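> Please read through the structure below; I'll follow up with questions.
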Amino acid sequence: MDDEPSRQLEGVIANQVREYRLTAGLSVAELAARAGISKAMLSKIENVQTSCSLTTLGRLARALGVPVTALFRGVDTEREAVFTKAGHGAVIVRRGTGVGHVYRLLGELQGSQTRMEAHVVELSESSDVFPLFEHPGTELIYMLEGAMVYGHGEARYEMRAGDALQFDGEGPHGPDTLLEFPIRFLSVVAYPDH
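Under UniProt numbering, the residue at position 152 of the sequence shown is numbered 152, and the numbers go up by one with no gaps.
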């Protein structure tokens, strides 16, 4: 049986316990006393010479004033990130493209439960108000520039720079009245993973 994953986990726990202990200004003896474990046991944990029980992990976390999960920080595999330089978002085609809406994809990540997309949408005088959209998931609109009335279901929201609107994407929604140009807004959609 390969012990590498457990040794890696023990190493992460050792580093986190030591880091939190030093940050709190505690000696090995002081933390051991607070946690109700022996100084020798704490030393073995910090030097990756033993695996500690869940009970001991709980005691250490309480003594350090951190959640138990903080002692596992760094165990996860590498997480994905997407960086897009200003002006370099890929122009993509969406239902509104044919009527003058410009969509720039800022990033897309597939998580364990959802898929998320972020776009900057640009509307100009030549853009038409488009029939309402409907899609699964949750959407957040954040106004960057200009002004418009945005509809969701029967409600209408006058939006200006700095305003945000979050809604269920299954309700009919979209720009209703374009008020001040140019209009730019950030649209972030989190799709459910089916």
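For glycine and all other residues, C-beta sits at the position ideal for the given N, C-alpha and C. No experiment lies behind these values; they were computed from the predicted model shown.
Taking the alpha carbon of H173 as the reference point, which residue from P192, Y150, A40 and E46 has its own alpha carbon closest?
As a first step, residue 173 is located in the sequence shown; it is residue number 173 there, counting from the start. Among P192, Y150, A40 and E46, the Cα nearest to that of H173 belongs to Y150.
> Pair every Cβ in the region 61 to 72 with every Cβ in the region 88 to 99, then say whether three or more of these pairs are closer than 8 Å.
With the cut-off at 8 Å, the region 61 to 72 and the region 88 to 99 do not touch.
> Are the CB atoms of P182 and G153 nearer to each other than 8 Å?
As a first step, residue 182 must be located in the sequence shown, where it is residue number 182. As a first step, residue 153 must be located in the sequence shown, where it is residue number 153. No, the Cβ-Cβ distance between P182 and G153 is not below 8 Å.
> Specify the secondary structure class of S38 as computed by DSSP and reduced to three states.
Taking the sequence shown and counting its residues from 1, one reaches residue 38 at position 38. Looking at S38 - three-state DSSP - the assignment turns out to be coil, as it is neither helix nor strand.
> Below 8 Å between beta carbons: does that hold for residue 196 and E10?
Residue 196 cannot be examined here, being either before or after the span of the chain that is shown, 1 to 194.
> What separation, rounded to the nearest whole angstrom, lies between the Cα atoms of E180 and T114?
To locate residue 180, count along the sequence shown from 1; it is residue 180. To locate residue 114, count along the sequence shown from 1; it is residue 114. Looking at the two C-alpha atoms, the distance is approximately 34 Å.
> With a threshold of 16 other CB atoms inside 10 Å of the CB of S126, please say whether the residue is buried or exposed.
By 1-based counting over the sequence shown, the position of residue 126 is 126. Burial call: exposed.
> Any idea what DSSP makes of S127, helix, strand or coil?
As a first step, residue 127 is located in the sequence shown; it is residue number 127 there, counting from the start. If DSSP states are grouped into helix, strand and coil, S127 belongs with coil.
> Measure the CB-CB distance between Q8 and L71 and report whether it falls below 8 Å.
Taking the first residue of the sequence shown as 1, we reach residue 8 at position 8. Taking the first residue of the sequence shown as 1, we reach residue 71 at position 71. Not closer than 8 Å, so no.
> Which complete beta strand (DSSP E) runs does the region 129 to 169 hold, if anything under 3 residues is left out?
If we require 3 residues or more, the beta strand (DSSP E) runs fully inside the region 129 to 169 come out as 138 to 152, 155 to 160 and 164 to 168.
> Quick one: give me the first and last residue of the alpha helix (DSSP H) that L54 is part of.
Mapped onto the sequence shown, residue 54 falls at position 54. Run containing L54: L54 to L64, per the alpha helix (DSSP H) assignment.
> Where do the N-terminal and C-terminal ends of the beta strand (DSSP E) with G174 fall, by residue?
Locating residue 174 in the sequence shown gives position 174, where the first residue counts as 1. Per DSSP, G174 belongs to the beta strand (DSSP E) from H173 to P192.
> At which residues does the beta strand (DSSP E) containing V91 begin and terminate?
Along the sequence shown, read from residue 1 onward, the residue named residue 91 stands at position 91. Here the beta strand (DSSP E) through V91 covers A90 to I92.
> Mapping the DSSP letters down to three states, classify G107 as helix, strand or coil.
The residue given as residue 107 occupies position 107 in the sequence shown. In the structure shown, G107 sits in a strand (DSSP, three-state: E or B).
> Three-state secondary structure (DSSP) at S6?
What you label residue 6 is simply residue 6 of the sequence shown in a count that begins at 1. It is helical.
> For R95, count neighbouring C-beta atoms within 10 Å of its own C-beta (all shown protein chains included) and say buried if the count is 16 or more, exposed if not.
If you number the sequence shown from 1, residue 95 lands on position 95. Flag for R95 reads exposed.
> Within 10 angstroms of its Cβ, does L31 collect 16 or more other Cβ (buried), or is it exposed?
Counting from one through the sequence shown, the residue named residue 31 turns up at place 31. Buried: at least 16 other Cβ atoms inside 10 Å.
> Measure the alpha-carbon distance for G36 versus E134 and round it to whole angstroms.
Position 36 of the sequence shown, counting from 1, holds the residue named residue 36. Position 134 of the sequence shown, counting from 1, holds the residue named residue 134. If you take the alpha carbons of G36 and E134, they lie about 57 Å apart.
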